[in-house]
Amino acid sequence: MHIVLVEPEIPNNTGNISRTCAVTGSSLHLVRPLGFSTDDKYLKRAGLDYWQYLDLHYYDSFEEVQQKYEQGRFFFATTKTQTFYTEKEYNVDDFLVFGKETAGLPEKLLAANAENCIRIPMGKDIRSLNLGNSVAIILYEALRQQGFTGLV
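Take the sequence shown: its position 119, counting from 1, is numbered 119 in the working numbering, and each next residue is one higher.
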């Protein structure tokens, strides 16, 4: 699986997500600008000693990710759709795309990919979940559908 973070802002979240990617064998793709330095102590601490196990990639735009993986299927996490993440079938090489903590993914990107937008159900008066939790919830559903292949 591939996790894409578009312009993440909080180092602790990205560190946590990097650890989740490392333990699941998922690739992490970070789209700049990042809201922190990759030397940030909070980023490193949240990822613990898992950095050596992480397949990590950097890009200057989301379009660059799409161009590199032209045949890839992309799913876009947002609160602005009615389709639950459990309503999709995921493949081992799919990309799960998440936006920055304060604003989510750009409206233009969501509109262009409406058929592949997914959401996590939550209370109607609550804005959103923590980014690290959202990644884990959706990623583990995708891995469950694949029978947790390669995981013990």
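Glycine residues also receive a C-beta, built at the ideal position from the N, C-alpha and C atoms.
- Secondary structure within the stretch 61-138: the alpha helix (DSSP H) runs of 4 or more consecutive residues, fully enclosed, are 62-68, 107-112 (chain order).
- In the DSSP secondary-structure assignment, S27 is bridged to H2, D55.
- If you check the CB distance, I138 and I118 come in under 8 Å.
- Straight across, the Cα-Cα distance linking M1 with G25 is about 8 Å.
- Contact between L28 and I17 is confirmed by a C-beta separation of about 7 Å, below the 8 Å threshold.
- Distances from the CA of A22 to each of F95, E64, E7, I3 were compared; the closest alpha carbon is that of I3.
- Assigned with DSSP and collapsed to three states, L143 falls in helix.
- Take the alpha-carbon of L109 and the one of S134: they are about 19 Å apart.
- Ranking S61, T14, E63, D55 by CA distance to the CA of D39 puts T14 first.
- Taking all protein chains in view, the Cβ of F148 is surrounded by fewer than 16 other Cβ atoms within 10 Å, so the residue is classified as exposed.
- Comparing alpha carbon positions, the residue from D94, F75, Q66, Y50 closest to Q146 is D94.
- Restricting attention to K41, Y50, D49, L54, the CA atom closest to the CA of L30 is found in L54.
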